[in-house]
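Student:
Numbering (UniProt numbering), first residue to last: 1 to 119.
1) Who are residue 99's beta bridge partners in DSSP?
2) State yes or no: is the C-beta of residue 11 within less than 8 Å of the C-beta of residue 64?
3) Based on DSSP bridge pairs, tell me the residues matched to residue 13.
4) Please classify residue 77: does DSSP put it in a helix, a strand, or coil?
5) Looking only at its own chain, which residues have a Cβ that is under 8 Å from the Cβ of residue 32, when we skip the five neighbours before and after it?
6) State the start and end residues of the unbroken alpha helix (DSSP H) segment that holds residue 111.
7) What's the call for residue 21, buried or exposed, on a 16-neighbour Cβ count within 10 Å?
8) What is the residue span of the alpha helix (DSSP H) that residue 39 lies within?
9) Let me confirm a value: residue 80 is counted as buried when at least 16 other C-beta atoms fall within 10 Å, else exposed. Which label applies?
10) Cα separation between residue 75 and residue 28?
11) With residue 51 as the anchor, note down where its alpha helix (DSSP H) starts and where it stops.
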């Protein structure tokens, strides 16, 4: 029988609002500010992807609690994993799980999936 606590311990979670910023915006650092898609990708997503590749772990990215969430931030952060950071599209789709409770955030989850597919 699987130990649910062991599964929970092997889970990687990134809470964008708490671990990065409640105001992520823009594409490039420093041009667009400090809390950009490029910065989020390089500081959080790339290290997380490197640590889970070849494992059964997933990266749960929580998008609750954000004050703003712009398309340029999302495209650079998530599409940039494929386009700029060299990860395979299939790996990004496999390992990244977008989490939210508020149904209005489904739009952003769908946009992230689109940016990854189109990268």
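Backbone N, C-alpha and C define an ideal beta-carbon position, used for all residues, glycine too.
Tutor: Looking at the coordinates:
1) Paired residue(s): 62.
2) Taking 8 Å as the cut-off, the beta carbon of residue 11 is found no closer than this to the beta carbon of residue 64.
3) Residue 13 is bridged to 60.
4) helix
5) So the qualifying residues of the chain are 25, 26 and 72.
6) Per DSSP, residue 111 belongs to the alpha helix (DSSP H) from 106–118.
7) buried
8) 37–40
9) buried
10) Spanning the two alpha carbons is a distance of roughly 11 Å.
11) 46–52
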